[in-house]
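In this note's numbering, the protein residues as written are 23 to 555. Glycine included, each C-beta is placed from N, C-alpha and C at the ideal position. All figures in this text were calculated on a predicted structure; none of them were measured in a lab.
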């Protein structure tokens with residue numbers, strides 16, 4: 023009986039295996055039926071040898087140009103209202119819509135395409151983390167969504183956008199295999215709740231990095247990293263609301279995302295006000311500047327040294343950048359200009375005070391400062407209420423101000439406002455642009471960067487000393503990559519634990535960041551002992 027059961031079980035197993043793809047029965051060496059064995063033949067994983075699709079990203083440019091894309095879907099009424107705005111402004115944008123949304127809202131999607139707005143591929147349903155799929159599923163995502171989009175619009179999309187995904191080589195190859203020409207990787211993310219009024223849109227545009235690709239996510243919350251690195255909650259509706267929603271649910275969605283039309287309108291109005299031109303993603307590259315295309319490759323030891331997490335305190339313990347040498351005479355600083363915010367302005371006030379009794383104090387060093395002035399505000403459009411410092415009673419762009427001041431060397435320091443408002447990557451991008459503009463307008467000028475000094479330990483305001491330290495390390499890395507002198511003022515003034523000693527601070531109970539006379543004198547002495555000409 024047991025033999026019958028075992029034989030029956032064996033036959034059932036064989037029958038099951040024979041139904042599996044890639045399996046076969048292989049006879050034994052003597053070809054007898056009784057000794058047949060099961061051999062599994064693995065189906066090889068697909069491989070791609072085609073060239074990857076292109077990837078359009080933000081660029082470094084001196085021109086006020088950006089690209090604009092939209093991604094996702096809310097409901098028909100809002101989408102038609104968005105379409106009316108885009109038609110009115112006649113801008114070259116791309117509308118990335120998932121195949122599911124296109125299939126369930128074909129009339130609206132066709133209206134978008136008929137209006138001359140390009141439709142892009144957003145995958146089957148706007149799924150995230152496409153790079154984590156196996157290659158076969160990845161190819162299916164792109165090919166099937168292409169088929170469905172063509173059924174709706176009559177045309178295959180050329181551009182694609184992977185929501186919340188990393189554009190690996192494999193992703194780009196799979197997209198190219200599905201006849202997609204290029205992916206789009208935005209650098210700035212907005213949604214229906216980004217602006218509560220036009221004023222907030224104005225502030226956004228004023229600090230916008232030129233050459234950015236802006237995406238407006240429709241019917242979606244932003245991911246944490248899309249908030250410029252901030253940690254936020256992920257509450258809200260899923261991507262592309264489910265088809266066949268009840269009328270009540272449609273009304274709820276419409277109410278929730280009603281602000282999307284004002285957000286887009288305010289954005290376009292402020293871009294126009296600030297002199298921005300909107301171009302297609304593929305056209306951005308024609309505006310790119312190449313000064314910083316070839317950074318020096320840093321070795322592993324240097325990269326480890328640059329990691330802020332390698333230190334127990336927000337301080338390195340040793341000065342970075344230019345090393346100590348014989349103290350230079352003050353006359354050496356003729357034609358040197360220090361650019362910065364109120365912290366640097368305090369040093370300028372100290373120099374002016376000393377010159378009342380010592381007219382030759384610190385040579386002809388000059389200061390170009392204003393409260394909350396920084397790298398990014400220096401790139402803003404000059405207006406009556408912009409933060410640009412006055413030169414002979416007139417506000418000028420920094421590069422023009424330095425030319426009027428006959429500067430031969432400029433010492434730049436990112437402002438505390440830069441650290442409060444921007445990620446390190448965006449700060450570095452804007453730093454590159456400012457240096458490019460300074461060098462272009464002032465051929466032969468020498469550009470140096472200074473680290474930001476910390477505040478006192480009991481200061482509770484932003485940015486924290488840890489955040490300042492992280493930004494200083496990012497700026498020092500940038501200096502190493504491009505051969506720019508770095509003056510470590512933070513080390514000169516810090517106490518070894520990453521704090522400003524209270525005996526060097528003029529406002530320890532309030533701001534906790536500005537220097538008294540001793541602090542200013544220590545800063546200037548450090549310049550004498552570390553700058554080279």
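Confirm, please, whether the CB-CB distance from residue j to residue i is below 8 Å.
i: residue 469; j: residue 432; result: yes
i: residue 196; j: residue 157; result: yes
i: residue 159; j: residue 130; result: no
i: residue 80; j: residue 235; result: yes
i: residue 439; j: residue 420; result: no
i: residue 311; j: residue 82; result: yes
i: residue 301; j: residue 114; result: yes
i: residue 409; j: residue 395; result: yes
i: residue 87; j: residue 444; result: no
i: residue 397; j: residue 449; result: yes
i: residue 296; j: residue 228; result: yes
i: residue 181; j: residue 204; result: yes
i: residue 534; j: residue 481; result: yes
i: residue 372; j: residue 245; result: no
Measure the alpha-carbon distance for residue i versus residue j and round it to whole angstroms.
i: residue 537; j: residue 504; result: 31 Å
i: residue 106; j: residue 202; result: 28 Å
i: residue 547; j: residue 350; result: 9 Å
i: residue 352; j: residue 108; result: 59 Å
i: residue 305; j: residue 424; result: 32 Å
i: residue 76; j: residue 206; result: 9 Å
i: residue 550; j: residue 367; result: 18 Å
i: residue 545; j: residue 474; result: 11 Å
i: residue 103; j: residue 90; result: 17 Å
i: residue 282; j: residue 137; result: 19 Å
i: residue 285; j: residue 385; result: 52 Å
i: residue 354; j: residue 247; result: 46 Å
i: residue 358; j: residue 495; result: 24 Å
i: residue 319; j: residue 381; result: 46 Å
i: residue 370; j: residue 216; result: 39 Å
i: residue 243; j: residue 213; result: 7 Å
i: residue 142; j: residue 120; result: 8 Å
i: residue 232; j: residue 152; result: 29 Å
i: residue 266; j: residue 147; result: At residue 266 the pLDDT is 42, less than 50, meaning the model places this residue with poor confidence; the figure from the coordinates comes in the next sentence. So the alpha carbons of these two residues sit roughly 15 Å apart.
i: residue 347; j: residue 553; result: 8 Å
i: residue 264; j: residue 194; result: Legend: pLDDT at residue 264 = 42, less than 50; position of this residue unreliable, no value from coordinates given.
i: residue 365; j: residue 334; result: 26 Å
i: residue 393; j: residue 555; result: 29 Å
i: residue 497; j: residue 436; result: 9 Å
i: residue 133; j: residue 174; result: 11 Å
i: residue 391; j: residue 542; result: 15 Å
Identify which residue in the options has its Cα closest to the Cα of residue i.
i: residue 11; options: 513, 155 and 99; result: No answer is possible for residue 11: the residues shown for the chain start at 23 and end at 555.
i: residue 224; options: 330, 298 and 178; result: 298
i: residue 186; options: 94, 234 and 532; result: 94
i: residue 471; options: 480, 482, 456 and 483; result: 456
i: residue 210; options: 344, 239 and 191; result: 239
i: residue 189; options: 78, 380 and 462; result: 78
i: residue 402; options: 525, 333 and 417; result: 417
i: residue 499; options: 144, 151, 342 and 356; result: 342
i: residue 463; options: 495, 434, 446 and 428; result: 428
i: residue 139; options: 125, 123, 116 and 155; result: 116
i: residue 517; options: 69, 487 and 322; result: 487
i: residue 5; options: 101, 146, 237 and 509; result: The shown model of the chain, from 23 to 555, leaves out residue 5, and the question about it has no answer.
i: residue 208; options: 227, 221, 183 and 174; result: 183
i: residue 520; options: 330, 449, 199 and 221; result: 330
i: residue 314; options: 554, 204 and 84; result: 84
i: residue 191; options: 71, 317, 179 and 415; result: 71
i: residue 167; options: 135, 125 and 316; result: 125
Just to confirm the assignment, what range does the beta strand (DSSP E) spanning residue i have?
i: residue 345; result: Unbroken run through residue 345: none, as it is neither H nor E.
i: residue 235; result: 235-240
i: residue 204; result: 204-206
i: residue 418; result: First-last for residue 418: undefined, no H or E at that position.
i: residue 290; result: Where residue 290 is concerned, there is no enclosing beta strand (DSSP E), although the alpha helix (DSSP H) it sits in stretches over 282-295.
i: residue 210; result: 210-212
Between which two residues does the alpha helix (DSSP H) holding residue i run?
i: residue 169; result: 157-175
i: residue 432; result: From DSSP, residue 432 is part of no alpha helix (DSSP H) but of the beta strand (DSSP E) over 431-434.
i: residue 184; result: Segment: none, residue 184 is in no alpha helix (DSSP H) and carries neither H nor E.
i: residue 243; result: Element bounds for residue 243: n/a, residue is neither H nor E.
i: residue 227; result: 220-228
i: residue 193; result: 191-199
i: residue 515; result: 511-515
i: residue 328; result: 322-328
Given 7 Å as the limit, tell me if residue i has its C-beta closer than that to any heavy atom belonging to the ligand FAD.
i: residue 310; result: Within the structure as shown, the ligand FAD is missing, as the structure has no ligands at all.
- Counting only runs that start and end within the segment 73-152, where is the beta strand (DSSP E) found for 3 or more residues in a row? As far as the segment 73-152 is concerned, its whole beta strand (DSSP E) runs of at least 3 residues are 76-78, 87-94, 116-119 and 140-143.
- Task: Identify every run of the alpha helix (DSSP H) within the segment 520-555, keeping only runs that are complete inside it and at least 4 residues long; order them along the chain.
- Result: 539-552
- Which whole runs of the beta strand (DSSP E) in the segment 361-404 are 3 residues long or more, in chain order? 388-391
- Message: Give the list of continuous alpha helix (DSSP H) stretches no shorter than 4 residues that lie fully inside the segment 424-494.
- Response: For the segment 424-494, whole alpha helix (DSSP H) runs of length 4 or above, ordered along the chain, are 438-443 and 446-463.
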